[in-house]
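Colleague: The structure that follows is given in the form of structure tokens.
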Amino acid sequence: MKQQIPSLYRQAFASAAFYCVVLFFAIAPGCTPGHSSKQKNEPEKEAGYSFEEVEIRYAKGFTVKQYDTYRLIDISDPQHSDDTVYKYALVPKGTKPSDAIPPDYTVIQTPVERLICMTTLQLANFIKLDAVHQVVGMPSTHYLFNPAVKEQIAKGRIGKIGIEGNFDAELILSLDPEIILVSPFKRGGYEAIKDLDIPLVTFLGYKETTPLGQAEWMKFVAMLLGKEELGNELFAASEKKYQELEELCRNVSPKPTVLSGEMRSGNWYVVGGKSYLAEQFRDAGAEYFLKENQETGGINLDFESVYAAGSDADFWCLLVSHTGDYSYTVLRKSDSRYTDFKAYKERNVVYCNLRQKPFYEKAPVEPEVVLADLIKAFHPALLPDHQPVYYELLTRE
641 MKQQIPSLYR QAFASAAFYC VVLFFAIAPG CTPGHSSKQK NEPEKEAGYS
691 FEEVEIRYAK GFTVKQYDTY RLIDISDPQH SDDTVYKYAL VPKGTKPSDA
741 IPPDYTVIQT PVERLICMTT LQLANFIKLD AVHQVVGMPS THYLFNPAVK
791 EQIAKGRIGK IGIEGNFDAE LILSLDPEII LVSPFKRGGY EAIKDLDIPL
841 VTFLGYKETT PLGQAEWMKF VAMLLGKEEL GNELFAASEK KYQELEELCR
891 NVSPKPTVLS GEMRSGNWYV VGGKSYLAEQ FRDAGAEYFL KENQETGGIN
941 LDFESVYAAG SDADFWCLLV SHTGDYSYTV LRKSDSRYTD FKAYKERNVV
991 YCNLRQKPFY EKAPVEPEVV LADLIKAFHP ALLPDHQPVY YELLTRE
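Residue numbers (our numbering): 641 to 1037.
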């Protein structure tokens, strides 16, 4: 029953070309010495140069060791499905890399001014940090919402570099990126770009198992951009609001049960009981229908197993990618058996349509907004004035 599959969030990534990236453990320059980002001609930093302090409290996928003139960043899989560690030394531009930096660390000169993103989960951090002008390339430019990003594309300042194993190496070189952000454990191929002498910098925010853990990756991006103070401030504001909302639901009763996922290619894909989404359901004063499950990623179940465990769930939470308006009719037509579920019968389906909402461009770095949406759906009396941003109750028949 329990074959590992991508989580609910990663299913949507895989469904769109923009989210296609690759397994590259053997080829990532972040695992080998001798690579460094391109250094622009800038004046020498003063000897007394110091970093803004960055503390990591929730993210499990990266650690920061801070020294006088550089930082050492270790990145690893938050879900521990792989033991590869990607190592980077962040050094201010104009500063000679310290001889104390271990040789297996890739040196990245900061602030990075030109880079390529491979997913919208990565892009969300640049939108949050008001740094979309530093993104010069992406695999796809379809289905984007952010006005600043769309303007950059319209002006030819963001190039479409291709997808999967078909990256345009010549175009990438012409874009002159200092780094390329990549997400391992996804599909695709970096063979065309691994020898371009451009550091591939690993980004594993999407594998975090808590909402605040995922959002805290904005601090990693902020360090790359030299925006540590802003990253700290933005995350602190998000954390404060999230904790206030979580406290609001701490003693709520009763706690409704929530079903997730849907049938795809003959199987029902759901997230595990220790996953990011299950955690957010708990924070919103609900109980996940697979709360006893110990998986942090996704689970592949047959219809009968889901029906036995979740047919009586009070709510059903869905991420959909539907052209046009989503409705109970659309849901029923996709599989008539859905009409037997309590949440369908009682019109308690909670959904987010990725074709209409900028979920992946914003939600990863504002978990407090997603949490408020879920609370509004599960316990509307707690947030009577909240207007849903991403998730909302499906009302259209």
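Ideal placement from N, C-alpha and C gives every residue a C-beta, glycine not left out.
Measure the alpha-carbon distance for Glu869 versus Ser974 and round it to whole angstroms.
Modeller: On the sequence shown, position 229 is the one that residue 869 refers to. On the sequence shown, position 334 is the one that residue 974 refers to. Straight-line Cα distance between these residues: approximately 47 Å.
Colleague: Pull up the DSSP beta-bridge partners for Asn993, would you.
Modeller: Translated into positions along the sequence shown, residue 993 becomes position 353. In DSSP, Asn993 forms a bridge with Val960.
Colleague: Return the residue from the list Leu1011, Asn988, Thr750 that minimises the CA-CA distance to Ala918.
Modeller: In the sequence shown, residue 918 corresponds to position 278, counting from 1. Ranking the options by Cα distance to Ala918, first place goes to Leu1011.
Colleague: Please state whether DSSP places Thr979 in a helix, a strand or coil.
Modeller: On the sequence shown, residue 979 is found 339 positions in, with the first residue counted as 1. Looking at Thr979 - three-state DSSP - the assignment turns out to be helix.
Colleague: Thinking C-alpha only, which one of Pro896, Gly937, Asp837 is nearest Thr1055?
Modeller: What the structure shows of the chain is the stretch from 641 to 1037, and residue 1055 is not part of that stretch, so it cannot be assessed.
Colleague: Round the Cβ separation of Ile748 and Ile838 to the nearest angstrom and send it over; I've been treating them as touching at under 8 Å.
Modeller: Within the sequence shown, residue 748 is the residue found at index 108, counting from 1. Within the sequence shown, residue 838 is the residue found at index 198, counting from 1. In fact, because the Cβ distance is near 11 Å, the residues do not count as touching under 8 Å.
Colleague: Report the three-state DSSP secondary structure of Asn907 (helix, strand or coil).
Modeller: Along the sequence shown, one-based indexing puts residue 907 at 267. Correct three-state label for Asn907: strand.
Colleague: Apply the 10 Å Cβ neighbour rule to Lys705 and answer buried if 16 or more other Cβ atoms are within range, or exposed otherwise.
Modeller: Taking the sequence shown and counting its residues from 1, the one referred to as residue 705 is at position 65. That one is exposed.
Colleague: The alpha helix (DSSP H) with Thr972 in it runs from where to where?
Modeller: Reading the sequence shown from its first residue, position 332 is the one you call residue 972. Note that residue 972 is Arg in the sequence shown, not Thr. Per DSSP, Arg972 belongs to the alpha helix (DSSP H) from 968-974.
Colleague: I think Ile798 touches Val776, with their Cβ atoms under 8 Å apart; what is that distance to the nearest whole Å?
Modeller: Within the sequence shown, residue 798 is the residue found at index 158, counting from 1. Within the sequence shown, residue 776 is the residue found at index 136, counting from 1. With a Cβ gap of about 6 Å, Ile798 and Val776 count as contacting.
Colleague: Can the beta-carbon of Asn1051 be found less than 8 Å from the beta-carbon of Met858?
Modeller: Lying before the first or after the last residue shown, residue 1051 is absent from the chain, which here runs from 641 to 1037.
Colleague: Can you give the beta carbon distance from Ile715 to Leu844, rounded, assuming they're within the 8 Å contact cut?
Modeller: Residue mapping note: residue 715 aligns to position 75 of the sequence shown, counting from 1. Residue mapping note: residue 844 aligns to position 204 of the sequence shown, counting from 1. Right, their Cβ atoms sit about 6 Å apart.
Colleague: Taking only runs that begin and end inside the stretch 895-939, name each unbroken alpha helix (DSSP H) of 4 or more residues, in chain order.
Modeller: As far as the stretch 895-939 is concerned, its whole alpha helix (DSSP H) runs of at least 4 residues are 916-923.
Colleague: Determine whether the beta carbon atoms of Pro751 and Leu821 lie at a separation below 8 Å.
Modeller: Counting from 1 along the sequence shown, the entry for residue 751 is found at position 111. Counting from 1 along the sequence shown, the entry for residue 821 is found at position 181. In this structure, Leu821 does not lie closer than 8 Å to Pro751 by Cβ.
Colleague: Check Gln758 in the structure and name its three-state DSSP category.
Modeller: In the sequence shown, counting from the first residue as 1, residue 758 sits at position 118. Per the sequence shown, residue 758 should be read as Met rather than Gln. Reduced to three states, the DSSP call for Met758 is coil.
Colleague: Specify the secondary structure class of Val775 as computed by DSSP and reduced to three states.
Modeller: Reading the sequence shown from its first residue, position 135 is the one you call residue 775. Note: Val775 maps to strand in three-state DSSP.
Colleague: If I'm right that Ala699 touches Glu856 with Cβ under 8 Å, what's the distance once you round it to whole angstroms?
Modeller: For this step, residue 699 is matched to residue 59 along the sequence shown. For this step, residue 856 is matched to residue 216 along the sequence shown. Contact holds; Cβ gap of about 4 Å.
Colleague: If you follow the beta strand (DSSP E) that Ile748 is in, where does it begin and where does it stop?
Modeller: Working through the sequence shown from its first residue, we reach residue 748 at position 108. 746-750 is the extent of the beta strand (DSSP E) around Ile748.
Colleague: Quick one: grab the DSSP three-state call for Ile838.
Modeller: Residue mapping note: residue 838 aligns to position 198 of the sequence shown, counting from 1. The answer is coil: DSSP assigns Ile838 none of H, G, I, E or B.
Colleague: Is the stretch 895-914 in contact with the stretch 927-937, if contact means three or more CB pairs nearer than 8 Å?
Modeller: They touch, by the three-pair rule.
Colleague: Counting beta carbon pairs with one atom in the stretch 948-961 and one in the stretch 981-988, are three or more of them shorter than 8 Å?
Modeller: Segments in contact, yes.
Colleague: Taking all protein chains shown into account, decide if Pro1020 is buried (16 or more other Cβ within 10 angstroms of its Cβ) or exposed.
Modeller: The residue given as residue 1020 occupies position 380 in the sequence shown. Pro1020 is exposed by the Cβ-count criterion.
Colleague: Residues in its own chain within less than 6 Å of Val946 by CB, not counting five upstream and five downstream?
Modeller: For the purposes of this step, residue 946 is taken as residue 306 along the sequence shown, with counting starting at 1. Excluding sequence neighbours, Val946 sits near Trp908.
Colleague: Counting along the chain, where does the alpha helix (DSSP H) carrying Ile586 start and finish?
Modeller: Missing from the structure shown is residue 586; the chain here goes from 641 to 1037 and no further.
Colleague: Indicate whether the contact test is met: 3 or more Cβ pairs, each with one atom in the stretch 800-817 and one in the stretch 767-781, closer than 8 Å.
Modeller: The stretch 800-817, when compared against the stretch 767-781, does touch it at the 8 Å Cβ threshold.
Colleague: Residues in its own chain within less than 7 Å of Leu813 by CB, not counting five upstream and five downstream?
Modeller: Here the question's residue 813 lines up with position 173 in the sequence shown. Hits under 7 Å: Leu836.
Colleague: Note down the Cα distance separating Val861 from Thr724, rounded to an integer number of angstroms.
Modeller: One-based indexing of the sequence shown puts residue 861 at position 221. One-based indexing of the sequence shown puts residue 724 at position 84. Going from the Cα of Val861 to the Cα of Thr724 covers about 20 Å.
Colleague: Per DSSP, what kind of secondary structure is Glu706 in: helix, strand or coil?
Modeller: Taking the first residue of the sequence shown as 1, we reach residue 706 at position 66. Looking at the sequence shown, residue 706 is not Glu but Gln. Residue state, collapsed to three classes: strand.
Colleague: Pick out the complete beta strand (DSSP E) segments inside the stretch 712-740, 3 residues or longer, and give them in chain order.
Modeller: Listed in chain order, they are 726-732.
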